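Scroll down for the structure; my scribbles are underneath it.
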Amino acid sequence: MRRNEAKDHPVATTGVGHGPVPLPFPSDDGGLRVVDHDVPAAVGRVLESVLADQVERAMALDPDFGRDIAVRVTRFTLGGGKRTRSRFVWWALRACGGGPAEAEAALRVGAALELIQTCALVHDDVMDGSAARRGRPALHADLAAQYADRVPADAGLGFGESAAILAGDLALAWADDIVADLDAPRSRVRAVRDLWSAMRTEMVAGQYLDVQGQATSSRSMARAIRAACLKSALYSVERPLALGAALAGADAARTQALCSAGRCVGIAFQLRDDLIDVFGDPRHTGKPVGGDIRAGKPTYLVAVAQARAEAAGDRHAMAVLRRSLGRADLSESRLAEVRDVLVAIGARDVVEARIERLAGHATRYLESVPLEPEGRLPLRELLIAAAGTLSAAPPEPDHAGADDGLPVSLVLSAAVEGATR
Numbered sequence: 071m072r073r074n075e076a077k078d079h080p081v082a083t084t085g086v087g088h089g090p091v092p093l094p095f096p097s098d099d100g101g102l103r104v105v106d107h108d109v110p111a112a113v114g115r116v117l118e119s120v121l122a123d124q125v126e127r128a129m130a131l132d133p134d135f136g137r138d139i140a141v142r143v144t145r146f147t148l149g150g151g152k153r154t155r156s157r158f159v160w161w162a163l164r165a166c167g168g169g170p171a172e173a174e175a176a177l178r179v180g181a182a183l184e185l186i187q188t189c190a191l192v193h194d195d196v197m198d199g200s201a202a203r204r205g206r207p208a209l210h211a212d213l214a215a216q217y218a219d220r221v222p223a224d225a226g227l228g229f230g231e232s233a234a235i236l237a238g239d240l241a242l243a244w245a246d247d248i249v250a251d252l253d254a255p256r257s258r259v260r261a262v263r264d265l266w267s268a269m270r271t272e273m274v275a276g277q278y279l280d281v282q283g284q285a286t287s288s289r290s291m292a293r294a295i296r297a298a299c300l301k302s303a304l305y306s307v308e309r310p311l312a313l314g315a316a317l318a319g320a321d322a323a324r325t326q327a328l329c330s331a332g333r334c335v336g337i338a339f340q341l342r343d344d345l346i347d348v349f350g351d352p353r354h355t356g357k358p359v360g361g362d363i364r365a366g367k368p369t370y371l372v373a374v375a376q377a378r379a380e381a382a383g384d385r386h387a388m389a390v391l392r393r394s395l396g397r398a399d400l401s402e403s404r405l406a407e408v409r410d411v412l413v414a415i416g417a418r419d420v421v422e423a424r425i426e427r428l429a430g431h432a433t434r435y436l437e438s439v440p441l442e443p444e445g446r447l448p449l450r451e452l453l454i455a456a457a458g459t460l461s462a463a464p465p466e467p468d469h470a471g472a473d474d475g476l477p478v479s480l481v482l483s484a485a486v487e488g489a490t491r
């Protein structure tokens, strides 16, 4: 039986659709401090208002489209995540001296980033064949289940995946609508749009490198870092920081320092995500572990393991990796064997050390320029948290290279001119 249609309407589940939500656009320093106290809630209120309007338009076009797609995009966007990207926008704005005049635009850009994250995650789950997200059925699986009694079994999964691709596309379109409608000085809006355009292309390029490496069994450490930079570091950390700096009208020195710090933390964020996928707890991650191993993804963790096994002539480790990577039916006991190899060969320790060093370099970049006191500390704490480290002591300048042979210069090699122009 089909679900109760009332449950598919945002009025019944999210509070969206009850009319305009008062928006928290600060008009003075006191208003800024209100947002400072809870940035995710402020961005959430913007999203509720924007998405209520979009759902209303979608329902007017077609009720099935509105309920099945627009409502799910709304629910997904409002129903989870830490809103880290929108927090980076806000605290970069504050650290660079942005005030009440730029606050509305910053919150709206943050809302747009949450929607583009919805697009990325919904599409990722389709490409990865992941049935769960945030402890609930993935959007494509949820749609397939809704129509299980009306779509032939052999076509149900394809329908769910096709519909989810459209849902991701819709989230991206809504995000673009927000950015296109920003109210800020012309030069700053132009800078934001240039950054936004670059970020969207970078996301697609990084995701392509990921699936290409998976298909070709690429195990290059440099390639893995490059893909991590494009598919995660730029849009998760560096570009949000650059967007906040652009809205604040930051000078080139501040912008470049924030971008360099963001690049380091963004790659650390992806490396931590790679570790969590293999060693994490499904009760905390909201999805099964081992997906990257079963899919044969060309992660930096796997590239380090393969390189170290080959250098050491460790036939057992090489055999375990060869017969396990890319095996969709890999058992839990075989996955445990892969974990043992990653630990024994030292790959896990190398990645942990790389994360710590990247976080330390990010701190050094952040401390290289004067930042406003109301934004400096929250921004530093957010960067450290995103990197998944407890602290981030800056490394000695003469030790810019890491012990795995990948210097920070490689991490920063993707040009940042798009972030600084």
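For the sequence shown, position 253 (counting from the first letter as 1) is numbered 323 according to our numbering, and the numbering increases by one without interruption.
All C-beta atoms, glycine included, are put in the ideal place defined by N, C-alpha and C.
Predicted model, so just to flag it, every value in this text is computed and none were measured.
CB of residue i within 8 Å of CB of residue j, strictly
| i | j | result |
| --- | --- | --- |
| Val-295 | Tyr-370 | The residue you asked about is not Val; residue 295 is Ile in the sequence shown. Yes; because the gap between Cβ atoms is below 8 Å, this pair is in contact. |
| Tyr-217 | Gly-228 | no |
| Gly-336 | Val-374 | no |
| His-210 | Ala-243 | no |
| Ala-322 | Leu-265 | no |
| Val-120 | Arg-153 | no |
| Leu-400 | Gly-360 | yes |
| Ala-208 | Ala-215 | no |
| Ile-363 | Leu-395 | yes |
| Leu-447 | Ala-432 | no |
| Leu-117 | Ala-173 | no |
| Ala-457 | Arg-342 | yes |
| Ala-320 | Ser-438 | no |
| Val-372 | Arg-289 | yes |
| Met-291 | Ala-377 | yes |
Of the listed residues the options, nearest to residue i (C-alpha basis)
| i | options | result |
| --- | --- | --- |
| Ala-316 | Arg-293, Leu-252, Gln-216 and Arg-353 | Leu-252 |
| Arg-178 | Arg-404, Ala-130 and Ala-254 | Ala-254 |
| Arg-142 | Gln-124, Ala-377 and His-354 | Gln-124 |
| Gly-314 | Gly-167, Ala-398, Arg-103 and Ala-377 | Gly-167 |
| Val-274 | Leu-213, Asp-384, Gly-445 and Cys-189 | Cys-189 |
| Lys-301 | Met-291, Tyr-278 and Ser-287 | Tyr-278 |
| Ser-28 | Glu-442, Asp-246, Val-421 and Arg-115 | Because the chain in this structure spans residues 71 to 491, residue 28 falls outside the shown range and cannot be described. |
| Glu-272 | Ile-186, Asp-212, Arg-342 and Arg-127 | Ile-186 |
| Val-259 | Ala-175, Ser-232 and Ala-223 | Ala-175 |
| Gly-149 | Arg-353, Arg-115 and Ala-456 | Arg-115 |
| Gly-151 | His-354, Val-408, Pro-443 and Ala-377 | His-354 |
| Gly-169 | Gly-101, Asp-219, Pro-352 and Ala-223 | Gly-101 |
| Ala-331 | Gly-383, Arg-434, Arg-263 and Ala-417 | Arg-434 |
| Gly-276 | Lys-357, Cys-299, Ala-292 and Val-262 | Cys-299 |
The alpha helix (DSSP H) enclosing residue i, as first and last residue numbers
| i | result |
| --- | --- |
| Cys-329 | 322 to 349 |
| Pro-352 | 352 to 355 |
| Ala-417 | 417 to 436 |
| Asp-246 | 223 to 250 |
| Ala-414 | 402 to 414 |
| Gly-445 | 443 to 457 |
| Ala-298 | 291 to 298 |
| Pro-170 | 170 to 198 |
| Ile-139 | It is not in any alpha helix (DSSP H) - Ile-139 carries neither H nor E in the DSSP assignment. |
| Ala-365 | 361 to 365 |
| Asp-212 | 209 to 216 |
| Ala-128 | 109 to 131 |
Inter-residue CB distance, residue i and residue j (contact presumed, cutoff 8 Å)
| i | j | result |
| --- | --- | --- |
| Leu-183 | Arg-204 | In fact, because the Cβ distance is near 17 Å, the residues do not count as touching under 8 Å. |
| Arg-256 | Ala-303 | Their Cβ separation, rounded to whole angstroms, is 29 Å, which puts Arg-256 and Ala-303 out of contact at 8 Å. |
| Leu-436 | Arg-450 | 6 Å |
| Ala-387 | Ala-379 | 4 Å |
| Arg-157 | Pro-110 | 7 Å |
| Val-348 | Arg-409 | 6 Å |
Interface flag, residue i vs chain D, CB-CB below 8 Å
| i | result |
| --- | --- |
| His-193 | In the displayed structure, chain D is absent; only one protein chain is listed. |
Quiz item: Are there three or more Cβ pairs, one per stretch, closer than 8 Å when the segment 132 to 139 is compared with the segment 156 to 167?
Solution: no
Exercise. Decide if the segment 283 to 295 is in contact with the segment 356 to 372; the criterion is three or more beta carbon pairs, one per stretch, under 8 Å apart.
Key: yes
Quiz item: When the Cβ atoms of the segment 229 to 238 are set against those of the segment 190 to 202, are three or more pairs found closer than 8 Å?
Solution: yes
Practice problem: May I ask you to verify whether the segment 334 to 353 touches the segment 415 to 435, counting CB pairs closer than 8 Å and requiring at least 3? | Solution: yes
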